[in-house]
Amino acid sequence: MNIFAEYRQLIVNLLNGLAEEGRLPGGLDCTAVTVEPPRDASHGDMATNAALVLSRQAGMKPRDIADMLAPLLGTAKGVEGVDIAGPGFINWRLAPSVWQGQVATILKSGTAFGDGTLGAGRAVNVEYVSANPTGPMHVGHVRGAVFGDALANLLAKAGYKVAKEYYINDAGSQVDTLARSAHLRYQEAFGRDIGEIPEGLYPGDYLVPVGQMLKDKYGDEYLDAPEDVWLKLFKIDASNAMMDLIREDLKVLGVEHDVFFSERSLHESGRIPETVALLTKRGHMYQGVLEAPKGKTPEDWEPREQTLFRATAFGDDVDRPLQKSTGEYTYFAADIAYHLDKINRGFKDMIDVLGADHGGYVKRMQAAVKALDDDAELDVKLCQLVRLFRDGEPVKMSKRAGNFVTLREVVDEVGRDVTRFIMLTRKNDAPLDFDFAKVMEQSKDNPVFYVQYAHARVFSVLRKASEVFPDLALDDASLADADLSLLNNPAELALIGSVAAWPRLVEAAAEAHEPHRIAFFLYDLASEFHTFWNRGNEDTSLRFVIEGDAALTAARLALIRAAALVIASGLAVLGVTPVEEMR
RNA sequence: GCACCCGUAGCUCAGCUGGAUAGAGCGCUGCCCUCCGAAGGCAGAGGCCAGGGGUUCGAAUCCCUUCGGGUGCGCCA
1049 MNIFAEYRQL IVNLLNGLAE EGRLPGGLDC TAVTVEPPRD ASHGDMATNA
1099 ALVLSRQAGM KPRDIADMLA PLLGTAKGVE GVDIAGPGFI NWRLAPSVWQ
1149 GQVATILKSG TAFGDGTLGA GRAVNVEYVS ANPTGPMHVG HVRGAVFGDA
1199 LANLLAKAGY KVAKEYYIND AGSQVDTLAR SAHLRYQEAF GRDIGEIPEG
1249 LYPGDYLVPV GQMLKDKYGD EYLDAPEDVW LKLFKIDASN AMMDLIREDL
1299 KVLGVEHDVF FSERSLHESG RIPETVALLT KRGHMYQGVL EAPKGKTPED
1349 WEPREQTLFR ATAFGDDVDR PLQKSTGEYT YFAADIAYHL DKINRGFKDM
1399 IDVLGADHGG YVKRMQAAVK ALDDDAELDV KLCQLVRLFR DGEPVKMSKR
1449 AGNFVTLREV VDEVGRDVTR FIMLTRKNDA PLDFDFAKVM EQSKDNPVFY
1499 VQYAHARVFS VLRKASEVFP DLALDDASLA DADLSLLNNP AELALIGSVA
1549 AWPRLVEAAA EAHEPHRIAF FLYDLASEFH TFWNRGNEDT SLRFVIEGDA
1599 ALTAARLALI RAAALVIASG LAVLGVTPVE EMR
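Under the numbering used here, think of the first position of the first sequence as 1049, with each following residue one higher.
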């Protein structure tokens, strides 16, 4: 499916052949050999670094290896114009028929084009969002949600078996706060004047219906009861209600998790002590005293003996406490238990998507995962802040005043597709500017619009074609049978080259865990398509629909249909709906 | 003080895990619409890839270091 991978295999086969003939040493490690499109298209369609990478291993000059390999490559099917360049690159072109064949391949595969085998069915667990169940989601959560979702889609496309997971922090003190805040609203539901919400409790209106719900459920049973009577109950009811809110928010954004995992369930099932016991058994725990952090010693610092996890043995900077001096477990202990649970469910590959403020957490969690299982691997993707703007002016937000912008507000204003696409137009570890006005702009400055427009234009051409050629079959299967050899001008071949690079891109992006590459690829592809379209302005013979030439029209429609399929396939990874016309 | 992330055109950012002459958009300059595809198009200028060392056939990319910016730093989740 990946044409570059096919030719890479060809190169490796040729190298093995040379080794068998004794012209190259045996047992060469070819993993570093790549076949890529050259950066400069004038060098050809493909390039390999084989001679350069193998030079040292073989104890030969790059040029000499290239001199052996190039002639063999030249005799291979579909290969033309082999050339040795620079320090020892081998460049070649592919016969137009090979490229043209790619169009048919794409049309037959549909949006499955680009599905990869990289993952080979390996199970990957992607944990993302995991917002505390204390209120509706706000903009700060949106980026991580979109990123995690797109990453999960990307890995699935690359052939992994992906589980999308949400960790519910329903056991910490913030849930106590939630329960107390809810109790206040519960009193309010009975008509009591609760006055201003005290400092330290959640003031949001979204708790009003929760108070009503508690009233309906329990009547006045807990109205004047002491806290220890109702707290546990209210924690469960309120956090469940918050999770319902969050699930609705996620739905609005088009994010659906496979698993919602409750931290409370870990505590209740006793799995945290089990996890600590396992680490103890493996010799990774000890009783000890930590040194005060330098430069920023807390005022009330005093040395205490604690149960420590030897994180430094696995690359962390200091050892980490798993139990408080009260004997209670730390949040980190629960988190280790959670990751152990993932491992026990068969996930050796895990990815956590977190906010950038969790930077200090990465090493210790990776250390813990290594300590639990040598084969397990955790990648942590940190998403930087989103800065909101409106017409270039920063949107002011204050958590204290409770006037943060909610996820719902963003999606209601600009729409799901725009929100998702824009969130992926930056690398995860770079801050992102989100301007409410700019993202809605209908111009080429706006990547969402530009990509959607390209897709819509293809459909517009198809509509036009059906008017000009009422008898022409325009479904993909029929177009795949068009005489594709008519696609022989440089612009056409270049566009085919771009769409044919899609599987390669999926693989690279999946391997790097970087869904933003898809967004950039789509922008470039759209740009190339628009350029092609514009050529038709000056030279009408380059238009897609050529009156009086059904054969050429069919071939060009096949090409742009292939482009549309690749765009749709990419948008599917991003979770964005391709549109068939602009409104 | 320590750790992690970042530093690429005037601005906002890509750069395919070490490849060939470092790219795109905005902005700037110059051309192109009486009509047939201008919610624009074509072309051009603009760079010591923060600075300095190293690793090798080859570095924006890897290592060390300095300088700038962000984030985090014992029983908070």
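The beta-carbon is built from N, C-alpha and C at its ideal position, and this holds for glycine as well.
Small disclaimer: the values here were computed from a predicted structure and weren't measured.
| Query | Result |
| --- | --- |
| Distance, Asp1367 Cα to Ala1632 Cα | Examination of residue 1632 is not possible in this model, given that the chain is present from 1049 through 1631 alone. |
| Distance CB(Leu1535)-CB(Gln1148) smaller than 8 Å | yes |
| Exposed unless 16 or more other CB atoms sit within 10 angstroms - verdict on Glu1247 | exposed |
| Inter-residue Cα distance where the pair is Leu1297 and Val1303 | For the record, residue 1297 in the displayed sequence is Asp; it is not Leu. Cα-Cα distance, rounded: 9 Å. |
| Supposed contact pair Glu1311 and Ile1216 - C-beta distance, whole angstroms, cut 8 Å | 6 Å |
| In chain order, each alpha helix (DSSP H) run of at least 4 residues that lies wholly inside the stretch 1240-1296 | 1256-1266 |
| Nearest to Leu1226 (by Cα), restricted to the options Pro1181, Val1410 and Gly1196 | Pro1181 |
| Rounded straight-line distance, which links the Cα of Thr1165 to that of Lys1492 | 35 Å |
| N-terminal and C-terminal residue of the alpha helix (DSSP H) that Ala1152 is part of | Pro1144 to Ser1157 |
| Gly1618 classed as buried or exposed, judged by whether at least 16 other C-beta atoms fall within 10 angstroms | buried |
| Residues bridged to Thr1002 [DSSP beta-bridge criterion] | The structure shown does not extend to residue 1002, since the chain is modelled only from 1049 to 1631, so the question has no answer here. |
| Beta-carbon separation (whole angstroms), Leu1062 vs Leu1120, contact threshold 8 Å | 5 Å |
| Distance between Pro1479 and Lys1429 (C-alpha atoms, nearest Å) | 13 Å |
| Cβ pair Val1506, Ala1606 closer than 8 Å | no |
| Member of Ile1608, Gln1105 and Arg1552 whose CA lies at the smallest distance from the CA of Asp1163 | Arg1552 |
| contact_flag[the stretch 1141-1156, the stretch 1542-1561] where n(CB pairs < 8 Å) is 3 or more | yes |
| Val1277 beta carbon less than 8 Å from that of Tyr1270 | yes |
| Backbone secondary structure at Ile1608 - three-state DSSP | helix |
| Cutoff 8 Å; reference Ala1067; Cβ partners in own chain excluding five residues on either side | Pro1073, Gly1074, Gly1075 and Leu1076 |
| Check whether Leu1301 and Leu1455 have beta carbons under 8 Å apart | yes |
| Residues sharing a beta bridge with Asn1173, DSSP | Ala1211 and Met1398 |
| Per-residue DSSP class, three states only, for Ala1556 | helix |
| Nearest neighbour of His1231, chosen from Met1413, Gly1463, Val1256 and Asp1218 [CA to CA] | Val1256 |
| Status (buried if at least 16 other CB within 10 Å, exposed otherwise) for Trp1140 | buried |
| Cβ pair Arg1565, Ala1574 closer than 8 Å | no |
| DSSP bridge partner residues for Gly1403 (one or two, in chain order) | Cys1431 |
| Residue range of the alpha helix (DSSP H) that includes Asp1460 | Leu1455 to Val1462 |
| For Met1108, the first and last residue of its enclosing beta strand (DSSP E) | Unbroken run through Met1108: none, as it is neither H nor E. |
| Beta-carbon proximity list for Lys1283, same chain, < 6 Å, skipping 5 on both sides | Val1223 and Ala1227 |
| Cα-Cα separation, Gly1378 to Gly1183 | First, the residue type needs correcting, since residue 1378 is Thr and not Gly in the sequence shown. Thr1378 and Gly1183: Cα-Cα distance of roughly 23 Å. |
| Spatial distance of Asp1253 from Leu1420 (CA atoms) | 43 Å |
| For Pro1442, the residue or residues it bridges with in DSSP | Phe1437 |
| Straight-line gap, Asp1597 to Ala1603 (C-alpha atoms, nearest Å) | 10 Å |
| Closest residue to Tyr1176 among Leu1436, Asp1400 and Ala1521 (Cα-Cα distance) | Asp1400 |
| Whole-number beta carbon distance between Leu1472 and Leu1622, since they are thought to touch under 8 Å | 6 Å |
| Bounding residues of the beta strand (DSSP E) (the contiguous stretch that carries Glu1128) | Val1127 to Ala1133 |
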